[in-house]
Amino acid sequence: MTQGLLTWATEASEHASQVDLLLTGFSLLVFVLSAPVFVLMALFAIKYRRGKPADRTHPVNRNIWMEISWSIVPFLFIVGVFVWATVLYADLYRPPPDALEISVVAKQWMWKFEHPGGQREIDELHVPANEPVKLTMASQDVIHSLFIPALRLKQDVVPGRYTKMWFTANRPGTYHLACAEFCGTNHSLMGGRFVVLTRADYTRWLEQSDVDGSLADQGAVLFRSHGCSGCHGSSSTVHAPPLEGLYGSPVPLDDGRMVIADEGYIRDSILLPQQDIAAGYPHDMPTFRNVLDEGEVLKLVAYIKSLRKPRVLP
Ligand code: CUA
503 MTQGLLTWAT EASEHASQVD LLLTGFSLLV FVLSAPVFVL MALFAIKYRR GKPADRTHPV
563 NRNIWMEISW SIVPFLFIVG VFVWATVLYA DLYRPPPDAL EISVVAKQWM WKFEHPGGQR
623 EIDELHVPAN EPVKLTMASQ DVIHSLFIPA LRLKQDVVPG RYTKMWFTAN RPGTYHLACA
683 EFCGTNHSLM GGRFVVLTRA DYTRWLEQSD VDGSLADQGA VLFRSHGCSG CHGSSSTVHA
743 PPLEGLYGSP VPLDDGRMVI ADEGYIRDSI LLPQQDIAAG YPHDMPTFRN VLDEGEVLKL
803 VAYIKSLRKP RVLP
């Protein structure tokens, strides 16, 4: 794709347009605020050049209101830009609750994407247009950074924790995605295609992809094969925290803190079980740090998220 020097790269979301507008606005503001300084500097250099017969007397002539105004007015404009940018930025941390959840595992040197139905792809991400999409991202080794220029979005993918990114793409088409953090020899090859499809095309794409069951179903298989059900299953006699309805609920901890059970909490409970122990339970959970990889943990998280509280019948 060649881009003209003065044209923007393609925008594929409302957020991207907003970011471009902010950058244009800020650039214009900087120009408007700094141009008078440079213009006057040049004019005075010419007018008062050594040897020129200019009037060099310097009568005291102050106008306090003018002096205050040229400090306050630019300051207010800059604060305005700060607020504008902060609102845009804060928006990135509030994914809509109904977003389509796609999990991402980065490793040297590929991107693995997995859709809720279990559809997997490598170095390609297909998403429906005009629907919010939320990425939960984990790294299997070093720090990577998922960069989708058409969305004006970039987020580090860090080992040891989940990072999130969400967007609503609004323009079907094929765009670039890349790794934007130097992560080793083949860093520059760690990229691929970001494909925005209409809802109908996305549904068709999902149907023609091979699946071994949904993400949550695959998580359920792991839950049994790794023995989690031995303690957390409904028929278990071991005193372990029940997982039904856990996701999104507040969890009181042993040390008096209270946390919300989000994806990151569930991940840490599997890999670092001694870190945040639920109040009133023994410290018996073994770590699965060297047993499960990030992709498997994401499946378990999807399974645990799918467990609803059993409905109490009247
Ligand atoms: Cu991964 Cu650079």
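For the sequence shown, the numbering used here gives the first residue as 503, with consecutive numbering after it.
Glycine included, every Cβ here is placed at the ideal spot set by N, Cα and C.
Computed from a prediction, not measured in an experiment: that's the story for all the values here.
Where residue i and residue j are concerned, what is the direct C-alpha to C-alpha distance, given to the nearest angstrom?
i	j	result
residue 740	residue 668	39 angstroms
residue 555	residue 531	36 angstroms
residue 527	residue 521	10 angstroms
residue 642	residue 589	32 angstroms
residue 886	residue 625	Because the chain in this structure spans residues 503 to 816, residue 886 falls outside the shown range and cannot be described.
residue 768	residue 791	13 angstroms
residue 503	residue 512	Its pLDDT being 42, under 50, residue 503 is placed unreliably by the model, and the measurement read from it follows with that caveat. Their Cα atoms are separated by approximately 10 angstroms.
residue 534	residue 578	14 angstroms
residue 659	residue 722	26 angstroms
residue 782	residue 794	27 angstroms
residue 758	residue 803	24 angstroms
residue 620	residue 719	9 angstroms
residue 705	residue 596	26 angstroms
residue 514	residue 730	42 angstroms
residue 683	residue 524	25 angstroms
residue 714	residue 724	13 angstroms
residue 696	residue 540	44 angstroms
residue 460	residue 587	In the structure as shown, the chain starts at 503 and stops at 816, and residue 460 therefore has no counterpart that could be examined.
residue 580	residue 567	20 angstroms
residue 632	residue 702	12 angstroms
residue 785	residue 610	35 angstroms
residue 575	residue 653	33 angstroms
Any idea if residue i is buried or exposed, counting beta-carbon neighbours within 10 angstroms, 16 or more meaning buried?
i	result
residue 650	buried
residue 805	buried
residue 639	buried
residue 675	exposed
residue 570	exposed
residue 687	exposed
residue 536	exposed
residue 550	exposed
residue 560	exposed
residue 585	exposed
residue 765	buried
What would DSSP say about residue i, mapped onto helix, strand or coil?
i	result
residue 492	Residue 492 lies beyond the residue range present for the chain, which begins at 503 and ends at 816; the question has no answer from this structure.
residue 504	Since pLDDT at residue 504 reaches only 46, below the 50 mark, its modelled position is unreliable, and no value is offered.
residue 645	coil
residue 689	helix
residue 603	strand
residue 638	strand
residue 517	helix
residue 623	strand
In the DSSP assignment, find the beta strand (DSSP E) that holds residue i and state where it starts and stops.
i	result
residue 695	693–699
residue 657	655–659
residue 615	612–616
residue 666	665–669
Let's see if you can read the secondary structure: which residues bound the alpha helix (DSSP H) around residue i?
i	result
residue 571	566–593
Length at least 4, wholly inside the stretch 711–798: the alpha helix (DSSP H) runs in chain order: 717–727, 730–734, 765–773
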